[in-house]
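As structure tokens, the structure follows; a few thoughts come after it.
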Amino acid sequence: MTNEQTRQRGGRVVGTLVLGLVVVWLLVWGLGQAGASTPAGLSRTQDPLVMNGANFPAFDGVPLTELALYQYQAGAWQPIPFQVDEVDSSGAYVASEDGLLDANDELVLMPGDLGDSVAVDNWPTDAQARLYPRYAITATDSLQPGEAGWVYLYRSTTLPPSDEAYIAWDEAAQTLSGISYTVRFETEQFVGIADLSLNGQVVDVLDRQKIRGQYSILLFGQVISTSTFNEETVLNFITQPLTITLPVVGPVRAVASDGEQGFAFYGAKASLGLSLPLADVDIAPFTVLHFDFVQVALDLLDPAGTGMAPAFYYDSNGANAAIDGVPEAVPASPPLAWSQVAGALGGWVNIGQIGPANGTLTNHYRDDATPDPNDTGDGRAYGEAGARIANPNGTVTFGQVLYLTPAGAGNAGAQYLLWSQNPLRGAAALQSFPAGNDTALTYLPFLHR
Ligand SMILES: [Ca+2]
Ligand SMILES: [Ca+2]
Ligand SMILES: [Ca+2]
Ligand SMILES: [Ca+2]
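Residues in the sequence shown are numbered from 0 upward in steps of one, following numbering that gives the first Met the number 0.
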């Protein structure tokens, strides 16, 4: 094999791996703002309540199309947005398993849709629902012990569903939207996130997602070539289409997982689990490709131009930096528990756990408006923040939670970290409509002619 062939083969390996890396980093940025209504029972609104089918044994084997989720508030029953995502025996989310509720399928709802607790004889005037038991679901937050909210899971094909949705995915435009956000993924010029707007604003606050990397090819242990790549040049090595597909998109979340790796997007939160093979690769006899470093970051547009000013970068190492293009020192270590961008239009908190696979993990931060002809995008860095792994050799693992934040959130990463570590809890109680206590029973047969 010639040196040129070796370089090309190395490039293809890098292209494939980087595409995997980027898809994950960009997918996790598919964020939405909370679309839930005013919280009825829990003050925390960005985290979903997720419960397994095992919580609802009386509905085991019931067609998912017969499940209805309602809340009671201000003296009336209302349908709320929810979804049941089917999980197969390997733990993967599947677009369609058997269409029936089983133990590992997942019921998902948002706490902003919780309502009041009702008496056991207070049911919707729906004859079919009253034929079956219902589950009273009590949602609680261990961080706010005094709070609780309720929803009720019914079996009925005649209870109308909610037509609200907190997530929308336009695959043709590669755009994910919530009630008040839009994120667009690039498919032509580079790999990654192109645009992000926040909280109902139209303006794009993001320059782009940036990738930097370097790899070397070693023959008999000696470096024979070293190459760099970024989110543009890596396209030379990628033959697959860049178009993203999201297999499961419901009104509450978009989700995918093969049981070990995956992501979930909610109205104002996204979570991610991923492993990426960045071990040295044998690409020819006695010839090894080694990653010197890989770095992924998000670079803002000038906050003074987008309306994000005043904008600040905070992190768990105590950084408190104005994102204004004037450089400041931000510690590259220890690795962060969280980082935050907070601006006049809103921002986000990034909670990451990265296993660098024998490499060295450091934090990347750059804020410098001086034009750099070697940079991509607008050639300047505004609050460019991310992570860098030097000399990985093994399977790099990424665990990440992202929360979109409202304008004026302040330095709030510690609170979001607590939320990410303490999911909402749900308890289900089986209830039946009291026999002989329902005038509806007398006309029930007529409804079923
Ligand atoms: Ca199922
Ligand atoms: Ca942009
Ligand atoms: Ca600055
Ligand atoms: Ca830039």
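Built from N, CA and C at the ideal position, the CB exists for glycine as well.
These figures come from a predicted structure and were not determined experimentally.
- Sequence-distant Cβ neighbours of Thr225 in its own chain, meaning closer than 6 Å and more than five residues away, are Ser215.
- Judged by DSSP secondary structure, Ser215 falls within the beta strand (DSSP E) whose first and last residues are Leu205 to Leu218.
- Within the DSSP secondary-structure output, Ala263 pairs in a beta bridge with Val254 and Ser270.
- Across the set Leu241, Glu105 and Arg387, the C-alpha of Arg387 shows the shortest separation from the C-alpha of Gln294.
- DSSP links Glu105 through a beta bridge to Asn51 and Asp84.
- Per DSSP, reduced to three states, the secondary structure at Ser338 is strand.
- For Gly317, the closest C-alpha among the options Ala336, Val325 and Gly324 is that of Ala336.
- Sequence-distant partners of Ala296 (beyond 5 residues in either direction) whose C-beta falls short of 7 Å from its own C-beta, in its chain, are Lys209, His363, Glu383, Ala384 and Gly385.
- Beta-bridge partners of Tyr312 (DSSP): Ala320 and Val340.
- Within the model, the alpha-carbon separation for Gln239 versus Phe228 is close to 17 Å.
- Look at Asp112 here: in three-state DSSP terms it is helix.
- Membership of Gly249 in any alpha helix (DSSP H) is not indicated, and neither H nor E is assigned to it by DSSP.
- Considering only Ala126, Gly148, Leu152 and Ser89, the residue with the shortest C-alpha distance to Gln82 is Leu152.
- When the beta-carbon positions are compared, Trp168 and Ala253 come within less than 9 Å of each other.
- With a contact defined as Cβ atoms closer than 8 Å, Phe285 and Phe219 qualify at about 5 Å.
- For Asp59, the distance from the CB to the nearest heavy atom of ligand 3 is not below 8 Å.
- Assignment of Leu401 by DSSP, reduced to helix, strand and coil, places it in the strand class.
- Scanning the region 127-162 from its first residue to its last, the whole beta strand (DSSP E) runs of 3-plus residues come out as 133-139 and 147-154.
- Gly249 and Ala428 have their C-alpha atoms some 26 Å from each other.
- By DSSP's assignment, Val287 forms a beta bridge with Leu217 and Asp281.
- Here Asp314 has Leu335 and Ser338 as same chain residues with Cβ atoms under 6 Å from its own Cβ, once five neighbours each way along the sequence are excluded.
- Taking 8 Å as the cut-off, one finds no heavy atom of ligand 2 near enough to the beta carbon of Ala296.
- Ordered along the chain, residues surrounding ligand 2 are Ala193, Asp194, Asp203, Leu205, Asp206, Arg207 and Leu300 [Cβ under 7 Å from any heavy atom].
- Beta-carbon to beta-carbon, Leu106 and Gly60 are separated by about 15 Å, too far to satisfy the 8 Å threshold.
- Within the chosen limit of 8 Å, ligand 4 does not reach the beta carbon of Ala310 with any heavy atom.
- Beta-bridge pairing by DSSP links Phe292 to Gln213 and Ala389.
- The alpha-carbon of Val93 is positioned some 7 Å away from that of Asp87.
- Trp168 is bridged by DSSP to Leu175.
- For Gln414, the uninterrupted alpha helix (DSSP H) run begins and ends at Gly412 to Gln420, by DSSP.
- In terms of CA proximity to Thr394, Pro276 leads the group Leu288, Asp367, Pro276 and Thr369.
- When secondary structure is reduced to three states using DSSP, Arg43 falls in the coil class, being assigned neither helix nor strand.
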